[in-house]
Amino acid sequence: MKILTQGFGATSGLIAIYIEHSPSMLEYKNLLSVQPLSLGEITVINQASGNGWRKIFNVYAKVLAQLQHSDHNFTNYDSWQTYRDECLLQSHSQEALLFSVPDLAAKQYHYHVIAGRTYAKKLFRDHIFTNSLVWLDEEFAVDPIHRLVVCPFLDYRQLSNIKINKLCDILRELG
């Protein structure tokens, strides 16, 4: 069964992070695909949707900065802030922020990250798409077969810099 993939960013690439809800803006309520953001669109979303979305985009950019994956173009930018403003989730990026069930069979992304333990448990309960998930602790789980990681939500308090380092270490171990 084909899963409808909805979100922002690249339709394939290095990493997809899954969160439960899209911004509460009318133009994003009925996404039917993955669409790249345009230059400046993150700022528009932040202004319309508040501090929570600013944190999501900031933490995502920080994850990419820390990951420093050889197949990612992050190294062309001097800071995570510059990357966020000039590339994050745009057509020339290699990442996605998805608001749909992970489609692991499609193999469109090298890594899959579900942000938020509560959301992950809901996904596993309602859409059993993996049987090889192992919980490392209360916050992190790994499915090495599908290169899937569950981590805290993209928020400074939940996914602190120390936990971003842990997430990136886990992703690097997955290859």
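Heads up: the sequence shown runs through residues -18 to 156, numbered per my numbering. The C-beta atom is built at its ideal place from N, Cα and C for all residues, glycine as well.
Whether residue i touches residue j by CB criterion (9 Å)
i: Gln28; j: Ile145; result: no
i: Gln71; j: Ser19; result: yes
i: His93; j: Val44; result: no
i: Leu79; j: Val15; result: yes
i: Gln139; j: Gly97; result: yes
i: Thr24; j: Asp66; result: yes
i: Phe55; j: Tyr41; result: no
Whole-Å CB distance - residue i paired with residue j, under 8 Å assumed
i: Glu76; j: Gly(-6); result: 6 Å
i: Phe13; j: Phe38; result: One detail in the question is off: residue 13 reads as Leu in this sequence, not Phe. 22 Å between Cβ atoms; not a contact.
i: Ala(-3); j: Tyr90; result: 4 Å
i: Pro83; j: Tyr(-1); result: 6 Å
i: Arg128; j: Leu104; result: With 8 Å as the limit, Arg128 and Leu104 do not qualify as a contact, their Cβ atoms being about 16 Å apart.
i: Ile143; j: Val123; result: That pair is no contact at about 18 Å.
i: Ser81; j: Thr(-14); result: 5 Å
i: Phe121; j: Lys147; result: 7 Å
Minimum C-alpha distance to residue i - residue among the options
i: Ser5; options: Arg98, Ile109 and Asn32; result: Asn32
i: Glu8; options: Trp116, Ala122 and Gly(-12); result: Gly(-12)
i: Thr(-8); options: Ala87, Lys36 and Ala42; result: Ala87
i: Leu135; options: Asn112, Trp116, Ile26 and Lys36; result: Lys36
i: Phe110; options: His2, Ile126 and Asp118; result: Ile126
i: Ile(-16); options: Asn112, His108 and Ser3; result: His108
i: Pro17; options: Asn11, Ile26, Gly(-10) and His2; result: Gly(-10)
i: Glu1; options: Ser30, Arg153, Asn57 and Ile95; result: Ile95
i: Trp34; options: Val115, Asn57, Tyr137 and Cys149; result: Tyr137
Could you tell me which whole alpha helix (DSSP H) segments of length 4 or greater appear in the region 13 to 38?
Qualifying alpha helix (DSSP H) stretches, in chain order: 22 to 30.
Only counting runs of 4 or more residues, tell me where the alpha helix (DSSP H) segments fall wholly within the region 95 to 144, in order along the chain.
Fully enclosed alpha helix (DSSP H) runs of 4 or longer: 98 to 107.
Which full runs of the beta strand (DSSP E) of 3+ residues lie inside the region 53 to 89, going along the chain?
As far as the region 53 to 89 is concerned, its whole beta strand (DSSP E) runs of at least 3 residues are 76 to 79.
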